[in-house]
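Asks:
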Amino acid sequence: MKFAQFCQWLSKRAGRPSTFFIAVVLIGMWAASGPWFHYNDTWQLIINTSTTIITFLMVFLIQNTQNRDNDIIHLKLDELIRATKSAERSVLDLEALDNKQLRALRKEYRAMGENCDQQAAAGNPYTDADPAQPPSEDAMR
11 MKFAQFCQWL SKRAGRPSTF FIAVVLIGMW AASGPWFHYN DTWQLIINTS TTIITFLMVF
71 LIQNTQNRDN DIIHLKLDEL IRATKSAERS VLDLEALDNK QLRALRKEYR AMGENCDQQA
131 AAGNPYTDAD PAQPPSEDAM R
């Protein structure tokens with residue numbers, strides 16, 4: 011089984027309510043065993059070590075599944091942009107822009123959105139028939 015498939019399989023199981031219930035039961039059993047072990051250092055070390063190891067491994071699992079899901083969403087969005095004739099195709103390569111360029115581009119898109127809102131408020135609900143200007147080339151650089 012590939013690592014990505016393993017991560018998908020494990021993340022589906024880790025996110026189930028039954029898994030949460032099992033974790034609560036295990037913590038309850040650990041807490042209930044406190045008087046038996048006189049709440050000593052070993053008793054505390056068991057829960058601390060267990061939760062640290064599980065948390066450490068889950069970070070990698072979550073990161074892998076998020077990266078995969080993010081890649082899938084980007085591919086789907088790229089295909090929608092490619093398939094839409096009036097779409098601005100220059101947004102397909104936004105990964106190459108730095109944060110300042112992305113903020114400038116986002117500002118232009120917000121302005122386009124406000125323009126569409128104003129047109130809709132003025133009684134023109136068909137703003138797609140007259141699309142707003144695409145972002146300037148300066149914002150894309």
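Number 79 in our numbering belongs to position 69 of the sequence shown; there are no gaps in the numbering.
C-beta: ideal position from N, C-alpha, C; glycine also.
With Phe47 as the anchor, note down where its alpha helix (DSSP H) starts and where it stops.
Replies: Where Phe47 is concerned, there is no enclosing alpha helix (DSSP H), given that its DSSP letter is neither H nor E.
Asks: Hey, how far is the Cα of Arg120 from the Cα of Leu36?
Replies: 49 angstroms
Asks: Kindly indicate which three-state DSSP category Pro141 falls into: helix, strand or coil?
Replies: For Pro141, the predicted structure reports a pLDDT of 48, less than 50, and the residue's modelled location is therefore unreliable. The matter cannot be settled from this model.
Asks: Got a sec, what are the start and stop residues for the alpha helix (DSSP H) Thr65 sits in?
Replies: 51-93
Asks: Using the Cα positions of Leu102 and Ile91, report the straight-line distance between them to the nearest angstrom.
Replies: 8 angstroms
Asks: State the DSSP-derived secondary structure class of Ala132, mapped to helix, strand or coil.
Replies: coil
Asks: Just the C-alpha distance for Arg23 and Thr59, rounded to the nearest angstrom, thanks.
Replies: Distance between the alpha carbons of Arg23 and Thr59 is about 22 angstroms.
Asks: By how many angstroms is the C-alpha of Asp81 removed from the C-alpha of Asp140?
Replies: Note that Asp140 scores a pLDDT of 45, beneath 50, so its modelled location is shaky and nothing firm can be said.
Asks: Given a threshold of 16 other Cβ atoms within 10 Å of its Cβ, counted over all protein chains shown, does Leu55 qualify as buried or as exposed?
Replies: exposed
Asks: For Ala97, does the three-state DSSP call read helix, strand or coil?
Replies: coil
Asks: Is it buried or exposed for Leu115, if we count other Cβ within 10 angstroms and need 16 for buried?
Replies: Per the 10 Å Cβ criterion, buried.
Asks: Kindly confirm or deny that the segment 36-46 and the segment 95-110 touch, where touching means at least three C-beta pairs closer than 8 angstroms.
Replies: no
Asks: Indicate whether Cys17 and Thr62 have their beta-carbon atoms separated by less than 8 angstroms.
Replies: no
Asks: Got a sec? Which residues, its chain only, sit under 6 angstroms from Ala142 by beta carbon, not counting five neighbours each side?
Replies: In this prediction, Ala142 scores a pLDDT of 48, lower than 50, which makes its location untrustworthy; the coordinate-derived value is nonetheless stated afterwards. Cβ within range, chain order: Met122, Asn125.
Asks: Should Leu85 and Ser21 be called a contact, given that it needs their Cβ atoms to be closer than 8 angstroms?
Replies: no
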